[in-house]
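Report on the following structure.
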Amino acid sequence: MKKIIVYSLKDLLRSNWIYFYSIFFLLITSALAWMSQDPLKVVVSLLNIILILVPLVSLLFGLVYIYNMREFTELLLAQPLPRMQVFGGQFAGLVIALALSCLSGITIPFLLLRLQHPVEWGQVGMLGGVGLLLTLIFSAMAFFLGLRFENRIKGFAAGFMIWLFFAVIYDGIFLWLLAIFQNYPLEKFTLAMSWMNPIDLARTLLLLQLDISSLLGYTGAVFQHFLGHFWGWVLSSALLILWVALPWWGVRRLASRKDF
Amino acid sequence: MIQLNQLYKTYGKLKVLRAIDLELSKPGVTAILGPNGSGKSTLIKLILGLVIPSQGTITVQGQKVRESYSYRNSISYLPQIARFPENLKVKELLQVIEEIRGKSALRDHFIQYFGVESYLENRLGHLSGGTRQKINLVLTFMYDTPIRILDEPTAGLDPIALVALRNLIEAERQAEKLILLTTHIIPLVESIADDLIFLLDGTVHFHGAPAELKQSTKHSGLEEAIANMMLNAKKDYNGRMSLSLHPAPNS
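In order, the protein sequence lines correspond to chains A and B. Residues 0 to 259 (numbering that gives the first Met the number 0) are what the first sequence spells out, left to right. Residues 0 to 250 (numbering that gives the first Met the number 0) are what the second sequence spells out, left to right.
As structure tokens, then:
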């Protein structure tokens, strides 16, 4: 598998899109740091950008990658290698390339800029961790869609719909349900609903760590109330890892019986 | 070397291959022919394990295809479409395959044979279709495997490369390898094939030597013999179609 990871990385790290992605985060982080001077505020603002952008880029870039590699994947599968080594290697290469580009864009400005307050590296690390988990989850979804849909247009449409659902529509439905049933106890319902959206989970995970109660929102407050900081953090991390495993399980199932 | 037993492949309602029984045990060049959509590529991909059979078994060098992947050590495959990672250099692509299959002793020989030595430092995305096909050929021939599977090997090649390829296939035949190829270029088949498999409508319509086909269709040229066979098959097919319009006695 190492061989496949190395070749995927060599190919991807020369792609212009990977540089654009990195430069975008570099510019945004620098601009935020320059405007606010408070690392905590920069981390919170960056969180909101990461929650929206990382899933979208992972899905779309992942799909472009899989569809562009279609013929070469066929050649690799005709070599004496098990199928999952080919897909595992390509997936790892994609995630490493995307994560490196996002993480370098986030961390370099913190290293270079002199801010008024000292940088809490634990918080920046958590932000990077959330970025990495979201990259893993949505790249695995992209692999699943790429294998599921032979037709690229269907694949991209499904990818975009998934992003729209988790990033926008889900919260709308959630709020609507909370408003309708406001006279009932909703804590457990809220907990369950937040488990079903990796973007919400990622937000809760980082805000619990940052300890900013005013920004936690209802979901975060319920998490904190029921589980406390530590267990809330452990549970949301575990659930996010489960969110990586779920689409990857789908990829394994599809890859083992797909015709190329 | 390769056995296919009662092989079926269906995609939903579409029956691509039906009841294929083939034994390819003698070395030499076997050409798989048939109109577009007759199942040629599917047949090749089944042998490579790229397509999974709906029913039936495939054995290559005594190993069942669905149970292992190591049998692919004895096969080198030339895919129909030569598309590679665009940002990799030609040299790096050759390295990827070498890292998977082991160091190739013939690599430099075939780089020279197909005249691609000046492209080694170029990125694959910058190469023309014909040059990519030559790289594809180098990747296939740089391992000395007993089985070669070539899917439309002549696509995009200039006349010089075409002659080089034909001479190479001839040399491989002398070396007693099993070469399985699909092509639409009948003169190429006529000059190199020892054995023909004609696929039609998902079944093996003819399997035998080119001379047998010429004899059975009473044509001296292979092109005419194949055209004649296709025409007869079409008549059969239309006949069956018109018959099938009437309800079967038992239904």
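In this text, a Cβ means the ideal position worked out from N, Cα and C, and glycines have one as well. Just so it is clear, the structure is predicted and the values come from calculations on it, not from any experiment.
Top-ranked residue by Cα proximity to D37(A), from D199(A), R113(A), Y64(A), I27(A): Numbered from its first residue, the first sequence carries residue 37(A) at position 38. Nearest in C-alpha terms to D37(A), of all of D199(A), R113(A), Y64(A), I27(A), is R113(A).
Interface flag, D199(A) vs chain B, CB-CB below 8 Å: Position 200 of the first sequence, counted from the first residue, corresponds to residue 199(A). No, its Cβ sits nowhere closer than 8 Å to a Cβ of chain B.
Buried versus exposed, by CB contacts within 10 Å (16 or more), Y18(A): As a working mapping, residue 18(A) is identified with position 19 in the first sequence. Residue burial annotation: Y18(A) is exposed, with fewer than 16 other C-beta atoms found within 10 angstroms of its C-beta.
Y64(A) - partner residues in DSSP beta bridges: The residue labelled residue 64(A) in the question sits at position 65 within the first sequence. Per DSSP, none; premise fails for Y64(A).
Environment of N135(B) [buried if 16+ CB atoms lie within 10 Å]: Locating residue 135(B) in the second sequence gives position 136, where the first residue counts as 1. Buried.
Pick from V28(B), I159(B), S103(B), N86(B) that is closest to R122(B), judged by C-alpha positions: For the purposes of this step, residue 122(B) is identified with residue 123 of the second sequence, where counting begins at 1. Comparing Cα-Cα distances from R122(B) to each of V28(B), I159(B), S103(B), N86(B), the minimum goes to N86(B).
Members of the stretch 54-83 of chain B near chain A, C-beta cut-off 7 Å: Those residues of the stretch 54-83 of chain B that come within reach of chain A (Cβ to Cβ, closer than 7 Å) are Y68, S69, R71, N72, Y76, P78, I80, R82, F83.
Given 8 Å, three or more beta-carbon pairs between the stretch 19-28 of chain B and the stretch 185-200 of chain A: no
First and last residue of the uninterrupted beta strand (DSSP E) at L177(B): Taking the first residue of the second sequence as position 1, residue 177(B) is located at position 178. In this chain, the beta strand (DSSP E) harbouring L177(B) covers 177-181.
Sufficient close CB pairs (3 or more, under 8 Å) joining the stretch 190-203 of chain A to the stretch 224-241 of chain A: The count of Cβ pairs closer than 8 Å, one atom from the stretch 190-203 of chain A and one from the stretch 224-241 of chain A, reaches three, so the stretches are in contact.
Sub-8 Å separation of P152(B) and L32(B) beta-carbons: Position 153 of the second sequence, counting from 1, holds the residue named residue 152(B). Position 33 of the second sequence, counting from 1, holds the residue named residue 32(B). Contact flag unset, no.
With 16 other Cβ atoms within 10 Å as the buried cut-off, status of N231(B): If you number the second sequence from 1, residue 231(B) lands on position 232. The residue in question, N231(B), is exposed, as its Cβ has fewer than 16 Cβ neighbours within 10 Å.
Closer than 8 Å to chain A by CB, K133(B): Locating residue 133(B) in the second sequence gives position 134, where the first residue counts as 1. No, its Cβ sits nowhere closer than 8 Å to a Cβ of chain A.
Contacts around E169(B), its chain only, beta-carbon distance under 8 Å, and the 5 residues preceding and following it disregarded: As a position in the second sequence, residue 169(B) is number 170, starting the count at 1. These residues qualify, in order along the chain: I191.
Cα-Cα separation between Y20(A) and S100(A), rounded to whole angstroms: Stepping through the first sequence from its first residue, residue 20(A) is reached at position 21. Stepping through the first sequence from its first residue, residue 100(A) is reached at position 101. Taking the straight line joining both Cα atoms gives about 6 Å.
Buried/exposed call for I3(A), threshold 16 Cβ in 10 Å: By 1-based counting over the first sequence, the position of residue 3(A) is 4. Under this definition I3(A) is a buried residue.
Integer-rounded CB distance, given that S138(A) should sit under 8 Å from S57(A): Position 58 of the first sequence, counted from the start, is the residue given in the question as residue 57(A). Position 139 of the first sequence, counted from the start, is the residue given in the question as residue 138(A). S57(A) to S138(A), Cβ: 5 Å. Contact.
D150(B) to V42(A) span [Cα, whole Å]: Within the second sequence, the letter at position 151 stands for residue 150(B). Within the first sequence, the letter at position 43 stands for residue 42(A). The straight-line gap from Cα to Cα measures roughly 54 Å.
Nearest-angstrom beta carbon gap, P79(A) and R147(B) [assumed within contact, 8 Å]: As a position in the second sequence, residue 147(B) is number 148, starting the count at 1. As a position in the first sequence, residue 79(A) is number 80, starting the count at 1. So it is not a contact: roughly 15 Å between Cβ atoms.
Chain A within 8 Å of R106(B), Cβ atoms only: Working through the second sequence from its first residue, we reach residue 106(B) at position 107. Answer no: the Cβ-Cβ gap between R106(B) and chain A never drops below 8 Å.
I148(B) - containing beta strand (DSSP E), residue span: Along the second sequence, read from residue 1 onward, the residue named residue 148(B) stands at position 149. From DSSP, the beta strand (DSSP E) with I148(B) extends over 146-150.
Span separating the alpha-carbon of K63(B) from that of A220(A): Walking along the second sequence from the start, residue 63(B) turns up at place 64. Walking along the first sequence from the start, residue 220(A) turns up at place 221. Between K63(B) and A220(A), the C-alpha separation is close to 58 Å.
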